[in-house]
Amino acid sequence: MYHDELTFSVRERRVGDTIVVELRGELDLFATPRLSARLDALTVQPRPALVLDLRQLAFMDCGALTALCRVRARTAARGGRLYVVTNRRHILRLLQVTRLLRAFDVFSDLPSALARAASASDTPTQADQGAIA
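Take the sequence shown: its position 66, counted from the start at 1, is 64 in the working numbering, and no numbers get skipped.
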């Protein structure tokens, strides 16, 4: 068993058209590659809708921010949407000091993020409207 298997876990579930990815434990140098690979797989299809639930993360380092920025870019490039759920002060502070807080749609609870995802699925994206990015 590897270090990241002891301290980090990922659980996925589908709610309507949205995939909720729940992260638990410590998202550090050892766990980030596994998370990145999974998020890459989830953003292969056009117009992915993802909710990353970070409420159970005890720790997140700057390397994890790279993974979050990558999934944000991949999701947007495919005409999809990404939502982040956290009420953890240390994660909000990390996003704030790195000036990434405004780069993500952040919610304090899962029902609010899912409601936004459901309402956004009814709104056409630039890709749906034929815009060239």
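For each residue, glycine too, the CB sits at the ideal point set by N, CA and C.
- Leu63 is positioned such that its CB atom lies no closer than 8 angstroms to that of Arg86.
- About 12 angstroms separates the Cβ atoms of Val18 and Leu52, ruling out a contact at the 8 angstroms cut-off.
- Remark: C-beta atoms of Arg72 and Thr41 approach each other more closely than 8 angstroms.
- Val69 has no beta-bridge partner at all, per DSSP.
- One Cα belongs to Arg32, the other to Ser117, and the distance between them is close to 31 angstroms.
- Bridge pairing for Leu21: Val8 [DSSP].
- Sequence-distant Cβ neighbours of Val13 in its own chain, meaning closer than 7 angstroms and more than five residues away, are Leu112.
- Per the C-alpha coordinates, the member of Cys60, Asp103, Thr96 and Ser7 positioned closest to Arg70 is Asp103.
- With fewer than 16 other beta carbons inside 10 angstroms of its own, Thr96 counts as exposed.
- Looking at the backbone, the Cα of Leu48 and that of Ser106 are separated by about 16 angstroms.
- Sequence-distant partners of Gly61 (beyond 5 residues in either direction) whose C-beta falls short of 8 angstroms from its own C-beta, in its chain, are Asp26, Leu27 and Thr30.
- By the C-beta density criterion, Arg100 is exposed, having fewer than 16 other C-beta atoms within 10 angstroms.
- Across the set Cys67, Pro109, Arg76 and Arg79, the C-alpha of Cys67 shows the shortest separation from the C-alpha of Leu98.
- Annotation for Phe57: Glu24 place their beta carbon closer than 6 angstroms to its own, counting only its chain and skipping 5 residues before and after.
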